[in-house]
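Undergrad: Going by this note's numbering, the sequence shown opens with residue 7, and the numbers climb by one from there.
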Amino acid sequence: MSQRAFKTKEEFINKIKEYTQICKTKQELPNVAGFCVYCDINRDTFYAQEEYYSDTFKKANDILEDATINSKDINDTFKIFYMKNKFGYKDKQDIDANVTKDIKVALIDD
7 MSQRAFKTKE EFINKIKEYT QICKTKQELP NVAGFCVYCD INRDTFYAQE
57 EYYSDTFKKA NDILEDATIN SKDINDTFKI FYMKNKFGYK DKQDIDANVT
107 KDIKVALIDD
């Protein structure tokens, strides 16, 4: 079992906010690996925080996702690729299978 990396959920969220602000200043994409380096923890420890701070962990991921979506410094093509792979975004195409169209049929005598 990994240890609790933050004393309180407030500390956890504040660290995420600090990290995303630093990324914005440096024009870098915020991500879990970068956050782990910033906090001097490993990924296992980061993901273990969900056990201690479930809602806060989800909020932390939401903050990282929001920072990615709203970053003006990241190439849009890369952003789309990253959002699909990291956050489960998908292209969606709506298809209406209930199309009605009048068809006129004429019978011809030979």
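Using N, Cα and C, we set each Cβ at its ideal position, and we do this for glycine too.
#1: LYS32: beta carbon under 6 angstroms from a heavy atom of the ligand MG?
#2: Does DSSP classify ASN91 as helix, strand or coil?
#3: How far does the alpha helix (DSSP H) with ILE47 in it extend, from its first residue to its last?
#4: Flag this pair as yes or no: are the beta carbons of TYR59 and PHE18 separated by less than 7 angstroms?
#5: Comparing alpha-carbon positions, which option in GLN99, GLN33, ILE109 and ALA11 lies nearest ASN48?
#6: Going by the beta-carbon positions, is the gap between ILE22 and ALA54 smaller than 7 angstroms?
#7: Is DSSP giving ALA39 helix, strand or coil here?
#8: Closer than 6 angstroms by C-beta to PRO36: which residues in its own chain qualify, once you throw out the five before and the five after it? Chain order, please.
TA: Inspection of the coordinates gives the following:
#1: For the ligand MG, the structure offers nothing, since it holds no ligand at all.
#2: Counting from one through the sequence shown, the residue named residue 91 turns up at place 85. Correct three-state label for ASN91: helix.
#3: The residue given as residue 47 occupies position 41 in the sequence shown. Neither: ILE47 is in no alpha helix (DSSP H) and is coded neither H nor E.
#4: Taking the sequence shown and counting its residues from 1, one reaches residue 59 at position 53. Taking the sequence shown and counting its residues from 1, one reaches residue 18 at position 12. Going by C-beta atoms, TYR59 is nearer than 7 angstroms to PHE18.
#5: Position 42 of the sequence shown, counted from the first residue, corresponds to residue 48. Looking at the Cα atoms, ALA11 is the closest of the given residues.
#6: Within the sequence shown, residue 22 is the residue found at index 16, counting from 1. Within the sequence shown, residue 54 is the residue found at index 48, counting from 1. Cβ distance not < 7 angstroms, so ILE22 and ALA54 don't count as in contact.
#7: Taking the first residue of the sequence shown as position 1, residue 39 is located at position 33. DSSP places ALA39 in helix when its eight states are reduced to three.
#8: Translated into positions along the sequence shown, residue 36 becomes position 30. Result list for PRO36: THR26, CYS29, LEU70 and ALA73, in chain order.
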